[in-house]
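Read through the structure below, which is laid out as structure tokens, and then see the notes.
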């Protein structure tokens, strides 16, 4: 479980775990802190085996205290440690919102205090988790200067971005999509696989319409692109991977290539990242656009539990297909 | 040097302080008060660009407690702990530059008042951590600072101050509980000064005493007269020694009184008549300590006068130095949100703007747009 997975496919979840093992072995200052992460291995078993390998002093089971977990991580980070803390479900990061936005995000700017730490946790819906085990809270943090945000869609990126996040000298919020935990797999690239923060990835090349998205909806976009290809519509899918900093150049490149843009995310609509991307494209690429920028997002509704309700609120492949057809026909 | 033969432990830790150290306690309290009085003068001259926070009447609790730390230890102050910061090595000129928003202030004009710090490795840093305004937040952060001491086997202790109001926050509760469970070498001081802004303590908690909360966290609780500098030192030293020997967290309640408002603008209309005057007349920490110095240590008036003169000289020199500094360059605002990238790009509408673009545009000009006058 702890060894390198050389040559064999591992899941998104195992890829995150492999990154934690490698970084803790590489740097004595890296330690993990969170609820039920040690002896139990975490609610989703992301940290399974870490305590056995690295001991209780570096894999710390905390009280149910998101403020204290994030605050203590910040204090330890000031002193040269590199904490990786788990929110058992990312929904609970709201409890630490003050500590992250008022304390951590401002530390370097207001006081020249280094705050190298990672806050990670299972995020997202499509899993019948209900209102408090399905959220995508990234937009509120994107609005806060001083935080970095990544949200990978593939196993290889999950590993590479985790290693980059741990090595980053600022706080990185690392959103893990729980729908993808055990559903997507990759063979890990050989060697010290680090994916730079702030670089998007072309997940599928195309020429007619661009879809800019991240996390689980990358896979929905790819599914839609496959269906649309049968109708002769060529879709390019850009996987942002990092939300802060945002790879603006990659967004503008794909817009200038296809001249039609759909921004897609699982998060709710109003105040979501799609609005920000739309505004930037409008300011920068107006004369390149052949159609209005469209958004497909969740509805502005707390995420409900029952399958018909959840499926209705969250963006589905059919929604993406409809939106791309409209853009292509404009 | 030969070791002194082992003697019975002194009855109180402050008995072990030298005459020089006891005079230093007076010096730090006097410096705190005089520096704040200077800040009031600068505030009235509008040279302090933001609010001004006083610790009048609380100098003993800040100075006496921080005096119990070693130089390698780390302290996180609250807004009434200027005295603790001075003891830990913050200088009057740094404080003055902060308040006056100078470009070479410790935070280069980014933060206000005594919100600044200097922490890191022992020896190369003075060991105080700048606070932020949301109350109670420094308790979890100091839990983490002291957790790092424990993890690395460093012989260092942390001290964090909160006011009576902050004990009602979630951050205080989570932070002290976390530190207690992890046996972090941390001392938590609650300064009970009677008011959180305008809110009296009986509207803050139903507990009879703040120190009673210690039981709930499974940590020792101590309390002392916060206006008796030696009593404050005694109780803090006991807690610091306990933390240093691996005993974990101690919660201390210091009883004191806030004689000024929350900040300089606050007219204290909510304070019962006569209360402030009574504390000033009967329970001033400097007056009380002067009695101790004169009666128990035989300190002469000339010695006191010499310290007072030294303090005034130092504050005068610091004021002159601070006033010579200029404001920060506007473009410095873009630097250092992140380590990488090191600076933000100007927004597009600022890219080719010059100083002339903004001319005399100032907040004081707001509201003049419809009166026909130019700001």
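Chains as they are written, first to last, in the numbering used here: chain A, -7 to 322; chain B, 3 to 377. For glycine and all other residues, C-beta sits at the position ideal for the given N, C-alpha and C.
Starting from residue 290 of chain B and walking both ways along the alpha helix (DSSP H), at which residues does that stretch end?
287 to 298
**Per-residue burial, residue 239 of chain A [other beta carbons within 10 Å of its own, 16 or more giving buried]** = buried
Fill in: Reduced DSSP secondary structure (H/G/I, E/B, other) of residue 163 of chain B
strand
task = Run through the stretch 121 to 176 of chain A for me and flag every whole beta strand (DSSP E) of 3 or more residues, listed as ranges in chain order.
result = 140 to 142, 164 to 169
Quick check on the DSSP output: what are the complete alpha helix (DSSP H) runs of length 4 or more inside the stretch 39 to 105 of chain B, in order along the chain?
61 to 68, 84 to 89, 94 to 101
Inset, instruction - In the DSSP assignment, find the unbroken beta strand (DSSP E) run with residue 2 of chain B in it and report its ends. - result: This structure leaves residue 2 of chain B out entirely; chain B is present only between 3 and 377.
Exercise. What span of residues does the alpha helix (DSSP H) with residue 74 of chain A cover, start to end?
Worked result: Segment 74 to 78 is the beta strand (DSSP E) holding residue 74 of chain A; no alpha helix (DSSP H) there.
Expressed to the nearest angstrom, what Euclidean distance is found between the alpha-carbon atoms of residue 119 of chain A and residue 211 of chain B? 48 angstroms
Check: Under 7 angstroms, do residue 12 of chain A and residue 61 of chain A count as touching if we go by C-beta distance?
Finding: no
Exercise. Starting from residue 259 of chain A and walking both ways along the beta strand (DSSP E), at which residues does that stretch end?
Worked result: 253 to 260
Going along the stretch 140 to 156 of chain B in order, which residues come within less than 7 angstroms of chain A, judged by CB to CB distance? 142, 143, 144, 145, 146, 147, 149, 150, 153
- Item | chain A contact residues for residue 109 of chain B, given Cβ-Cβ distances below 7 angstroms | 102, 103
*Boundaries (first-last residue) of the alpha helix (DSSP H) holding residue 114 of chain A*: Counting along the chain, residue 114 of chain A falls outside any alpha helix (DSSP H), though it belongs to the beta strand (DSSP E) covering 110 to 115.
Task: Below-7 angstroms beta-carbon distance, residue 59 of chain A vs any chain B residue - done: yes
Quiz item: With contact counted as at least three CB pairs below 8 angstroms, one residue from each stretch, are the stretch 225 to 232 of chain A and the stretch 274 to 289 of chain A in contact?
Solution: no
inquiry  = Quick check on the burial criterion: 16 or more other C-beta atoms within 10 angstroms. Buried or exposed for residue 90 of chain A?
reply    = buried
| query | Nearest-angstrom Cα distance between residue 260 of chain B and residue 249 of chain B? | reply | 32 angstroms
Residue 239 of chain B, buried or exposed, once every other Cβ within 10 Å from all chains shown has been counted against 16
buried
Look at the alpha carbon of residue 131 of chain B and the alpha carbon of residue 142 of chain B, and state the distance between them as a whole number of angstroms.
13 angstroms
**Asked** In chain order, what residues of the same chain lie with their CB nearer than 8 angstroms to the CB of residue 220 of chain B, ignoring the 5 residues before and after it?
**Response** 182
With a threshold of 7 angstroms between beta-carbons, can residue 216 of chain B be considered close to chain A, or not?
no
- request: Report the rounded CA-to-CA distance for residue 151 of chain A versus residue 109 of chain A, giving the unit in angstroms.
  value: 16 angstroms
- Inspect the beta-carbon positions of residue 49 of chain A and residue 77 of chain B and report whether they are closer than 7 angstroms. no
Q | Any chain B beta carbon closer than 7 angstroms to residue 17 of chain A | A | no
Output yes or no for whether 7 angstroms exceeds the beta carbon distance between residue 86 of chain A and residue 75 of chain A.
-> no
Run through DSSP, which three-state label would residue 176 of chain B get? helix
task: Can you tell me which of A/5, A/278, A/17 puts its alpha carbon nearest to the alpha carbon of residue 33 of chain A?
output: A/5
**Q.** Short-range partners of chain A found in the stretch 326 to 340 of chain B, where Cβ spacing is below 7 angstroms
**A.** 338, 339, 340
- Task: Pick helix, strand or coil for residue 376 of chain B, following the three-state DSSP scheme.
- Result: At residue 376 of chain B, the pLDDT of 48 sits below 50, so the modelled position is not reliable; the number obtained from the coordinates is stated separately. In the structure shown, residue 376 of chain B sits in coil (DSSP, three-state: anything other than H, G, I, E or B).
Is any beta-carbon of chain B found at less than 7 angstroms from that of residue 143 of chain A?
no
Any residues in the stretch 122 to 140 of chain A with a beta carbon nearer than 8 angstroms to a beta carbon of chain B? Which ones, in chain order? 137, 138, 140
Keeping to the same chain, check which residues put their C-beta closer than 6 angstroms to that of residue 3 of chain B; ignore five residues upstream and five downstream. In this prediction, residue 3 of chain B has a pLDDT of 41, which is less than 50 and means its spatial position is unreliable; what the coordinates show is noted afterwards. Excluding residues within five positions, none has a Cβ falling inside 6 angstroms.
Exercise. Within the 7 angstroms Cβ cut-off, does residue 49 of chain A reach chain B?
Worked result: yes
Requested in this report: Entirely within the stretch 195 to 243 of chain A and at least 4 residues each: give me those alpha helix (DSSP H) ranges in chain order.
Outcome: 208 to 222
Exercise for the section: Run the CB neighbour count on residue 310 of chain A, radius 10 Å, all protein chains shown included, and call it buried at 16 or more, exposed below. Expected result: exposed
Can residue 39 of chain B be considered in contact with the ligand COA, in the sense that its beta carbon sits closer than 6 angstroms to one or more heavy atoms? As for the ligand COA, it is missing from this structure, which has no ligand bound.
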